[in-house]
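Below is one structure, written out as structure tokens; comments come after it.
Residue numbers (this note's numbering): 9 to 663.
The following block contains the structure:
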């Protein structure tokens with residue numbers, strides 16, 4: 009193993025600114041559970057037959073999801089959309105009949121894996137079970153996927169649906185006792201998932217719920233049943249709220265015409281344009297929800313909401329709520345906030361520009377949401393190393409764009425040290441093979457970490473796994489943020505909570521690990537407009553301070569030394585012109601063969617002091633050299649970059 013020390017320094021120490029789709033279609037036939045025997049029995053039998061044991065009688069450990077030598081998830085996914093949903097759903101409803109049953113779409117019907125958790129999809133008001141069609145291919149790589157299909161003319165009451173799902177899970181959960189059971193539901197399906205979790209508190213559930221129908225009594229669609237009696241079939245499919253089931257925000261006619269001072273020409277132009285797009289959806293809606301079925305589904309939603317609401321306090325399962333901001337069926341954002349206060353293990357992700365049918369929208373990726381919220385695990389606890397799902401190239405590109413303004417404003421300069429001791433530009437001095445521990449010093453607010461991780465991937469094809477503060481992973485910290493997904497990008501890129509165990513696991517897998525021993529205390533520097541101790545005396549701030557520094561957020565809380573002084577606070581920064589970022593990686597320190605370090609505390613202290621001195625030397629070098637940088641200031645740097653179309657980095661000092 010090699011340890012590489014580095015320093016990152018701004019120009020001024022405190023001046024940090026706040027494929028083209030394929031046209032090929034896969035077969036739309038499905039693997040159906042037997043219609044003559046209970047579907048629960050069919051699944052249970054398969055779970056039993058595919059469970060493999062080791063010689064000691066224990067389940068095999070989960071495999072590593074990240075392939076050796078690859079830093080990205082390069083799974084090829086064929087695009088799917090609304091037309092695929094309609095086409096594949098028609099295959100199901102064409103000769104439909106019988107009771108509810110489980111199906112496995114062909115996109116995720118490959119060999120069942122012993123060490124992957126099961127995911128049960130519970131559909132919304134349509135009941136078809138193909139709502140995750142855009143996500144089947146990716147979900148099939150990390151789950152054993154089952155989808156509930158409720159036939160169009162089925163009249164199973166809500167409690168019957170709950171008992172059916174419950175019997176399926178109970179019959180199979182004992183075969184995989186250490187694995188969580190995922191329930192993914194939307195609207196009606198979300199109510200089913202909550203009811204099953206409330207009735208079975210001892211089963212390890214992970215609930216992912218989109219636009220829950222628990223707020224049916226507060227929605228406008230509760231009044232539709234009184235209008236349906238006077239509307240002839242199939243004209244009921246033209247009701248605006250009903251259209252939101254499939255068409256979404258861009259095709260919703262009521263939204264198109266709800267614009268002030270719109271001309272008659274614009275109205276008719278928009279009408280005919282949207283009508284052509286909506287016709288396939290309208291005809292399909294008439295097939296899956298005839299008026300009689302729609303009336304039944306509205307009664308089902310009412311009974312679902314009434315059944316689940318008084319039982320919410322008994323739900324202890326890990327829950328992720330997905331709320332659409334432009335949902336015309338339910339007040340989903342408001343309901344998500346309400347549920348988050350009731351459910352103790354609940355987190356929320358808001359999609360302000362999305363409509364009711366979130367899972368079918370092109371901008372939504374359920375696997376990406378799982379990555380960012382850390383909601384994917386394969387055992388009773390989250391293992392941030394073995395359960396990690398690497399980003400796709402597209403996800404990396406989106407995250408890189410978030411740091412583009414830092415790269416432009418700060419124009420990072422990265423230097424490294426060769427084995428000979430020579431300092432060179434770029435990352436040539438960084439070892440090519442792990443394990444490597446990069447030990448550094450935080451700049452104010454830790455803004456330097458993002459560009460560093462991105463540069464390593466772009467130049468060296470090395471995925472840095474940063475060690476982060478527990479604040480980045482805590483539910484309470486998310487609730488303090490204006491945007492609950494603030495840290496999702498960092499978690500997608502592989503940041504892990506600081507712990508000796510996690511660090512050991514990463515290094516044992518020959519990873520490149522980024523560690524800042526100074527942590528939050530070093531990043532914040534207590535840089536506020538007034539003294540931190542005086543800040544705590546401000547009325548009401550002391551309440552926020554207690555929430556920020558509760559026990560779950562503390563690192564080294566038991567240390568009596570200064571290193572244990574890790575209070576988090578809201579830094580008040582005076583705006584300053586951004587300086588330039590400088591990074592220097594020192595000569596790698598080879599630790600292979602130093603067995604005494606793990607046994608002798610004195611030897612370990614020597615290594616620690618050596619690393620510390622190297623970091624200090626790097627900082628001193630950069631502080632001296634930055635004075636010689638002709639492009640240290642922002643204005644000449646920007647002029648240079650603008651003149652070259654931002655395709656070249658501004659030069660720096662001579663080495």
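Glycine included, C-beta positions come from ideal geometry on N, C-alpha and C.
Because the structure is a prediction, the values reported are computed rather than measured.
Give the C-beta separation of residue 356 and residue 485 to the nearest angstrom, bearing in mind that I take them to be a contact with Cβ-Cβ under 8 Å.
Actually they are not in contact, since the Cβ atoms of residue 356 and residue 485 sit about 13 Å apart, beyond 8 Å.
From 586, 436, 469 and 407, pick the residue whose C-alpha is nearest to that of residue 498; which is it?
Answer by Cα proximity: 407.
In chain order, what residues of the same chain have a beta carbon less than 7 Å from the beta carbon of residue 166, not counting five sequence neighbours either side?
Correct list, in chain order: 308, 311, 312 and 315.
So within the region 387 to 448, which uninterrupted beta strand (DSSP E) runs reach at least 3 residues, ignoring any that extend past its ends?
Here the runs fully enclosed are 421 to 425, 431 to 433 and 444 to 447.
With burial defined as no fewer than 16 other Cβ atoms inside 10 Å of the residue's Cβ, what is the status of residue 176: buried or exposed?
That one is buried.
Under a Cβ-count criterion, where at least 16 other Cβ atoms within 10 Å of its own Cβ denotes burial, should residue 508 be classed as buried or exposed?
Exposed.
Distance check for residue 423 and residue 641, CA to CA, integer angstroms please.
About 19 Å.
Under three-state DSSP, which class holds residue 39?
Interpretation of residue 39 is limited by its pLDDT of 42, a score under 50 that renders its predicted location unreliable; no figure is taken from the coordinates.
Please classify residue 292: does DSSP put it in a helix, a strand, or coil?
Three-state result, residue 292: helix.
What's the C-alpha gap between residue 377 and residue 330?
Each residue's alpha carbon lies about 9 Å from the other.
Where DSSP assigns a beta bridge to residue 354, which residues make up the other side?
Residue 354 pairs with 327.
Report the three-state DSSP secondary structure of residue 50 (helix, strand or coil).
Residue confidence for residue 50 is low, a pLDDT of 33 falling below 50, so the modelled location carries little weight; the figure read from the coordinates is stated next. Looking at residue 50 - three-state DSSP - the assignment turns out to be helix.
Mapping DSSP to helix, strand and coil, what is residue 524?
Residue state, collapsed to three classes: coil.
What are the boundary residues of the beta strand (DSSP E) that includes residue 126?
Note, residue 126: beta strand (DSSP E), 126 to 130.
Which whole-angstrom value is the C-beta distance of residue 197 and residue 132, which I expect to be below 8 Å?
Confirmed, Cβ separation roughly 6 Å.
Would you tell me roughly how many angstroms separate the C-alpha atoms of residue 190 and residue 128, rounded to the nearest one?
Those two C-alpha atoms are separated by around 6 Å.
For residue 194, which of helix, strand or coil comes out of DSSP?
Three-state DSSP puts residue 194 in a strand.
What is the DSSP secondary structure of residue 502, reduced to helix, strand or coil?
Residue 502: coil per DSSP, three-state reduction.
Within 10 angstroms of the Cβ of residue 235, are there 16 or more other Cβ atoms? Answer buried if so, exposed if not.
The residue is exposed, with fewer than 16 neighbouring Cβ atoms inside 10 Å.
With H, G and I counted as helix, E and B as strand and the rest as coil, what does DSSP make of residue 643?
Here residue 643 sits in helix by DSSP.
Which residues does DSSP list as the beta-bridge partners of residue 473?
Beta-bridge pairing links residue 473 to 521.
Give a yes or no on contact between the region 368 to 377 and the region 388 to 396, applying the rule of three or more CB pairs nearer than 8 Å.
Flag = no, the region 368 to 377 and the region 388 to 396 do not touch.
Does the distance from the CB of residue 221 to the CB of residue 325 come in under 9 Å?
Not a contact, by the Cβ cut-off of 9 Å.
Using the beta-carbon count (16 or more within 10 Å), is residue 471 buried or exposed?
Classification of residue 471: buried, given that the 10 Å Cβ count is 16 or more.
CB residue 459 to CB residue 590, shorter than 9 Å?
Going by C-beta atoms, residue 459 is not nearer than 9 Å to residue 590.
Where does residue 332 sit, in a helix, a strand or coil, going by DSSP?
Residue state, collapsed to three classes: strand.
Determine the contact status of residue 522 and residue 448, defining contact as a CB-CB distance below 9 Å.
Going by C-beta atoms, residue 522 is nearer than 9 Å to residue 448.
So, residue 88 versus residue 156, is the Cβ gap smaller than 9 Å?
Contact: no.
Could you pull the DSSP bridge partners for residue 304 from this structure?
Looking at the DSSP assignment, residue 304 forms no beta bridge with any residue, so it has no partner.
Relative to the alpha-carbon of residue 212, which residue among 151, 389 and 99 has its alpha-carbon at the smallest distance?
When each option's Cα is compared against that of residue 212, the closest is 389.
By the 10 Å Cβ neighbour count, where 16 or more other Cβ atoms means buried, how is residue 154 classified, buried or exposed?
With 16 or more Cβ atoms within 10 Å of its Cβ, residue 154 is classed as buried.
For residue 228, which of helix, strand or coil comes out of DSSP?
The answer is helix: DSSP assigns residue 228 an H, G or I state.
Can you tell me which of the three DSSP states residue 658 falls into?
Coil at residue 658, not helix or strand.
Using beta-carbon positions only, say whether residue 92 and residue 142 come within less than 9 Å of one another.
Contact flag set, yes.
Let's see if you can read the secondary structure: which residues bound the alpha helix (DSSP H) around residue 223?
Taken as a continuous stretch (DSSP letters only), residue 223 belongs to no alpha helix (DSSP H), as it is neither H nor E.
Find out if the Cβ-Cβ distance for the pair residue 344, residue 588 is shorter than 9 Å.
It is not a contact, given that the beta carbons lie outside the stated cut-off.
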